[in-house]
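Take a look at the structure set out below.
In full-length UniProt numbering, the protein residues as written are 1 to 369.
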């Protein structure tokens, strides 16, 4: 009798906890949307501050409640293995250092192995300088055909082709005030004259060019699999500043609401409402088909160093093709191209590498590609 009572009480407590957690999440989401609506209204600054001052404390309280509950769930393990444990941090740092230590490197020219620190730095510098140097591609050779069209159907139930697609009218860029950017130093005078008429209120383009221009970007090399004597089997992860992370996260969150209409449905990762494990399920289906002798062919293509080979001219044309404002395009390109990069090899940095192409892994906006 007592066991049954405890079981029912446990179920009731768990149900009530889930209900309260859902209510808290819904209320927090609604409160976080209200400041955005207030900023988009045509109100005076005093009126905006008055309305925001009544909302922000409620948001802070709900977030604090969530943090307190998470701390209770973590229990003693958080105190023993968290930020208050110097021993745990020391062991973690030692483990990561061993994982990222490069014992030897092979030169791409001579195929010789070396363990000398100065030689490995020279090899890494040469490898990434060649990787980040783009080959000149005439713009006329870049074709944006049906593959770049959104995959959603129009209001008549048909999938629009390149001729039918009016990107400027289908994507809500013009209705979003956050897209408005200031004068970009990379724009021509004729383009900027047209651009300044409606896109001159927010300094995102100038900000993007300054976030990464004051220092060289540091790159760490976590290992992949296979032969680690070649740099192609190490994944370059960029360590950007907090300012750049905040700026790119803002762009990612707001662009993600619309990118689902632009990106092909076969890309199942990095977008809301898509699950990357669907590709794993597809692989299992293909294996079953092969085992049963069913007709059909499955082809998997994986480009080597795909992130690091993105051409700036190609990305500009793709973004313009989908109706992104010129100032926003300049902001995104200013974050990735024309920067200086230094590679961390066993605690030593290479000479500066000029990045002419490639998207940096470790930047959150790279996921919306």
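Even glycine gets a Cβ: it sits at the ideal position worked out from N, Cα and C.
Selected residue, minimal CA-CA separation from residue i, among the options
i	options	result
residue 318	262, 16, 228, 349	262
residue 342	54, 27, 128	128
residue 323	337, 301, 258	258
residue 131	353, 216, 220	353
residue 100	339, 344, 320	344
residue 120	236, 229, 51	229
residue 39	53, 27, 28	53
residue 334	347, 247, 236	247
residue 356	21, 223, 137	137
residue 240	253, 6, 218, 231	218
residue 382	351, 254, 123	Absent from the structure is residue 382, since the part of the chain shown begins at 1 and ends at 369.
residue 395	265, 346, 365	The displayed coordinates of the chain run from 1 to 369. Any statement about residue 395 would go beyond what the structure contains.
residue 407	4, 361, 55, 118	Since the displayed the chain opens at 1 and closes at 369, residue 407 lies outside it and no answer follows.
residue 69	95, 17, 299, 313	17
residue 311	351, 360, 289, 290	360
residue 96	26, 280, 223	223
Residues sharing a beta bridge with residue i, DSSP
i	result
residue 223	234
residue 340	354
residue 348	345
residue 129	DSSP output for residue 129 lists no bridge partner at all.
residue 217	341
residue 115	Paired residue(s): none; residue 115 is not in a bridge.
residue 361	237
residue 106	113
Cα-Cα separation between residue i and residue j, rounded to whole angstroms
i	j	result
residue 67	residue 73	10 Å
residue 349	residue 98	17 Å
residue 102	residue 221	9 Å
residue 24	residue 315	41 Å
residue 337	residue 302	24 Å
residue 236	residue 256	24 Å
residue 283	residue 35	44 Å
residue 49	residue 19	33 Å
residue 274	residue 325	26 Å
residue 439	residue 8	Any answer about residue 439 is impossible in this case: the structure gives the chain only from 1 up to 369.
residue 57	residue 126	53 Å
residue 321	residue 327	14 Å
residue 12	residue 6	10 Å
residue 238	residue 47	41 Å
residue 196	residue 251	Any reading at residue 196 needs caution, since the residue's pLDDT is 38, under 50, leaving its predicted position unreliable; the model's value is listed next. So the two alpha carbons sit approximately 21 Å from each other.
residue 363	residue 2	55 Å
residue 231	residue 92	24 Å
residue 227	residue 10	52 Å
residue 286	residue 265	19 Å
residue 358	residue 225	22 Å
residue 293	residue 233	35 Å
residue 89	residue 299	44 Å
residue 289	residue 340	49 Å
residue 242	residue 249	10 Å
Can we say the region 57-73 touches the region 297-311, given the rule of at least three CB pairs closer than 8 Å? no
Return the chain-ordered ranges of every alpha helix (DSSP H) run that is complete within the region 23-92 and spans a minimum of 4 residues. 45-74, 76-81
Inspect the CB distances between the region 39-56 and the region 84-93 and report whether three or more fall short of 8 Å. Result no; under three Cβ-Cβ pairs closer than 8 Å.
If you scan the region 234-264 from start to end, which runs of the beta strand (DSSP E) of 3 or more residues do you find wholly inside it? 237-239
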